[in-house]
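Colleague: Chains as they are written, first to last, in the numbering used here: chain Y, 369 to 651; chain R, 111 to 399; chain C, 196 to 442. Backbone N, C-alpha and C define an ideal beta-carbon position, used for all residues, glycine too.
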């Protein structure tokens, strides 16, 4: 029998602050199901309940009502966490450890054998592009490097499920692209990924499915294309089309019931420009 | 729940490095200053008195600094981990919260043991030097003393100097500060600020030394009226009896400490530590991170 | 709620265990009585010192007071010294050194200083000297009462009776008590005998005692012992055949 990777059933989370009458409802009746091997993006503005959802999945906080299972196992059991790797939002880790030491520490926490650990650390440092910085203390790391060591730390025990809280926040576009590529390669290996983000463009390229959270409710959920596609519109992008051809097309359209909304040159996004510029100078 | 020694050791080791890098060892420099200043002051008093008082003040200072270290170092462990989100990446791993708390505690105990060792060595060296100079002085006066008078003077100097009970008293100082560390973990498991933890621990420290009085009053039914009795019972239950661990009186007085008392005290310390660690774990399990 | 109920239940079970454990240790503890009976300490030592005492720093407070007393002595401020010695011995009644030093300061230093105080009349000096000696005796008697197993204080008390009060019977008595305790000085027993030999009407007792010591062997046959023995042989008219051999 195969289990869903994550199964969240009717989870409600109410935060009660002592000495204050009003309680904050962070999540209302959340249902979520993520299949093994899927990359799922949880979107929403700050304070929408993304982090709360992730923390509940990881057992860091307990839901007021409802239940969560990870690969069929109740998530409050410590053993359920053997399958999970987690990258917290803005993680700092111990600043006084080097990158390699940080990974070694987490390897011990996961019960990795000594013989396997060293090889695994080198492998992961290479995967996140920190081989040269492995012996530097984390206090000297940049935000992007911290995020990458955090990712390596989450992967140390080769988990079946990877949970990433704002993986690309504060990382420059190149770093962000690397992280997306890493996620894509993990997906190819069959790892399930759940990530949260408030920057919509960053997730659209890697996610199979996305859910949109707002004020603790799941407002929309589905495949990206079907969520974003406008049913009654079509986009044509042509290369080397002569002005005559375009004029002809326009005339043809005018003779039917269809309507041309816009005719323009597609623009590169600032991000694409950035990548193009930096890649050319690197070589 | 399968407990893993390796995991606990990893957490304890990292905690120890973390604490060692916090410059808490400056406390030791302060200790050395106290010791040196006081012993130069004391050189004005006679030998036997000087040795006893030096030993006394060193023990008092070790006691004070180690307690201070236990409270201050432990108070900021959990808040710091939560602030830096280290706690998320650790607890998202298959690490039971019990192991996390125990690892933190053992890290602090490691720090305390190292500090105690350093202070003790310093203190023993000073005592030994003073003892030697006292013996030297006696040898110089040898012509003026009858042989049996000489041997008794030498014996007095030895009892006043380094002996087995001094070591026992030092071990108990460590036990006491470990209890304080466990209690601090308990409070910091629900506290929202370091200041609160440290203030609360200052109270625990003071009340802990009076716990035996509350206990005896409660048990002997000296006090009428249930509000007072309830209060005393609560004090007597919640707080550890810290006064019991102060054996410096015996040591300085040269009264031998019975071995079974030391065993009992170590047993009591273990009882307190296990209780407070379990309580800290229970509180930490409830905590929303 | 469930957690709180569980906690109370566990607590109710643990409380008697905790108290039993702590009490059994209390019973073995030498110093536990002091705090229980000295809550009025606060008036005597001041607020800061009192808090330090409550915090488990009784011995350190006592030491600091003792050092302050030492400075008072260097300044020749006898009343301040007396105050400090009283506080120190109250805080640390089981430290014999404090009683010993307190007795010595009063009976020897303060009393002699009083006798040499030229600003007073001779009668007043004598009275003051006598009062200080009595204070010293009082310290040592209380020290002995608090530490009945320590020979040092008996020895100090014996010296005080011998040198300051000329009370040879009491001096002998205290040397004898000291000599029966572990850790006593080797001369305690001899001193007890010497002192006895000065007591009018107890010459026979003293003679038997000194003779018994003499018969133990060379080690005890010190000049003073032989002199006292000869003196008593004369006084008691001991027959020449049983007397100790002349050298």
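For the 8 Å Cβ check, are there 3 or more pairs between the region 492 to 500 of chain Y and the region 123 to 137 of chain R?
Modeller: no
Colleague: My output table needs one value for residue 521 of chain Y: the three-state DSSP class, helix, strand or coil.
Modeller: It is helical.
Colleague: Of all Cβ atoms in chain R, is any one closer than 9 Å to the Cβ of residue 219 of chain C?
Modeller: yes
Colleague: Just to confirm before moving on: does the CB-CB distance between residue 320 of chain C and residue 330 of chain C stay below 9 Å?
Modeller: At a Cβ-Cβ threshold of 9 Å, residue 320 of chain C and residue 330 of chain C do not count as neighbours.
Colleague: Comparing the C-beta of residue 160 of chain R with each C-beta of chain Y, is any distance below 9 Å?
Modeller: Residue 160 of chain R has a beta carbon lying at 9 Å or more from every beta carbon in chain Y.
Colleague: Give me the subset of the region 367 to 385 of chain R whose CB atoms are less than 7 Å from a CB atom of chain Y, sorted by chain position.
Modeller: So nothing in the stretch comes that close.
Colleague: According to DSSP, is residue 227 of chain C helix, strand or coil?
Modeller: In this prediction, residue 227 of chain C has a pLDDT of 46, which is less than 50 and means its spatial position is unreliable; what the coordinates show is noted afterwards. Correct three-state label for residue 227 of chain C: helix.
Colleague: How many angstroms separate the CA atom of residue 123 of chain R from the CA atom of residue 508 of chain Y?
Modeller: 22 Å
Colleague: Of the choices Y:503, Y:564, Y:500, Y:594, whose alpha-carbon is the least far from that of residue 582 of chain Y?
Modeller: Y:564
Colleague: For residue 591 of chain Y, which residues in the same chain have their Cβ closer than 6 Å to its Cβ, ignoring the five residues on either side in sequence?
Modeller: 577
Colleague: The alpha helix (DSSP H) with residue 301 of chain C in it runs from where to where?
Modeller: First-last for residue 301 of chain C: undefined, no H or E at that position.
Colleague: Using only the alpha-carbon positions, how far apart do residue 437 of chain Y and residue 621 of chain Y sit?
Modeller: 54 Å
Colleague: Please report the straight-line C-alpha distance between residue 415 of chain Y and residue 342 of chain R, rounded to a whole angstrom.
Modeller: 46 Å
Colleague: For residue 575 of chain Y, decide whether its Cβ has a neighbour in chain R, counting only Cβ atoms nearer than 9 Å.
Modeller: no
Colleague: Can you tell me the Cα-Cα spacing of residue 521 of chain Y and residue 292 of chain R, whole angstroms?
Modeller: 30 Å
Colleague: Who are the Cβ neighbours of residue 545 of chain Y in its own chain at under 8 Å, not counting the five residues just before and after it?
Modeller: 643
Colleague: So what does DSSP say about residue 407 of chain Y, is it helix, strand or coil?
Modeller: strand
Colleague: Is residue 339 of chain C close to chain R? Criterion is C-beta to C-beta, closer than 9 Å.
Modeller: no
Colleague: Have a look at residue 446 of chain Y and residue 203 of chain R and give me their C-alpha separation to the nearest angstrom.
Modeller: 8 Å
Colleague: Determine the DSSP secondary structure at residue 241 of chain R, reduced to helix, strand or coil.
Modeller: Of the three classes helix, strand and coil, the one that applies to residue 241 of chain R here is helix, per DSSP.
Colleague: Chain R partners of residue 426 of chain Y, CB-CB under 8 Å?
Modeller: 198, 201, 202
Colleague: Could you tell me the boundaries of the beta strand (DSSP E) in which residue 381 of chain Y lies?
Modeller: 374 to 383
Colleague: Between residue 383 of chain Y and chain R, is any beta-carbon pair separated by less than 9 Å?
Modeller: yes
Colleague: Could you check which residue in C:367, C:396, C:349, C:363 has the C-alpha nearest to that of residue 373 of chain C?
Modeller: C:349
Colleague: What's the gap between the Cα of residue 585 of chain Y and the Cα of residue 579 of chain Y?
Modeller: 10 Å
Colleague: Tell me which same chain residues have a C-beta within less than 8 Å of the C-beta of residue 213 of chain C, skipping the five on either side of it?
Modeller: none
Colleague: I'd like to know whether the C-beta of residue 353 of chain R is nearer than 9 Å to at least one C-beta of chain C.
Modeller: yes
Colleague: So residue 284 of chain C is in the beta strand (DSSP E); what residue range does that whole segment cover?
Modeller: First-last for residue 284 of chain C: 273 to 286, but that is the alpha helix (DSSP H), not the beta strand (DSSP E).
Colleague: Note down, in chain order, each residue of its chain lying with its Cβ closer than 7 Å to the Cβ of residue 145 of chain R, except the 5 sequence neighbours on either side.
Modeller: 168, 171, 232, 233, 236
Colleague: Can you name the residues of chain C whose CB is closer than 7 Å to the CB of residue 167 of chain R?
Modeller: 255, 258
Colleague: Compute the distance between the beta-carbons of residue 531 of chain Y and residue 455 of chain Y, then report whether it is under 9 Å.
Modeller: yes
Colleague: Would DSSP call residue 590 of chain Y helix, strand or coil?
Modeller: strand
Colleague: Label residue 630 of chain Y either buried or exposed according to how many other C-beta atoms from any shown protein chain fall within 10 Å of its C-beta, with 16 as the threshold for buried.
Modeller: exposed
Colleague: Name, going along the chain, the residues of the region 295 to 315 of chain C whose beta-carbon falls closer than 8 Å to a beta-carbon of chain R.
Modeller: Taking 8 Å as the cut-off between beta carbons, the residues of the region 295 to 315 of chain C near chain R are 296, in sequence order.
Colleague: Excluding five sequence neighbours on each side, which residues of the same chain lie with their C-beta closer than 8 Å to the C-beta of residue 503 of chain Y?
Modeller: 466, 467, 468
Colleague: So, at 8 Å on beta carbons, what are the nonlocal neighbours of residue 141 of chain R in its own chain, with the 5 sequence-adjacent residues on each side left out?
Modeller: Excluding sequence neighbours, residue 141 of chain R sits near 171, 172, 175, 229, 232.
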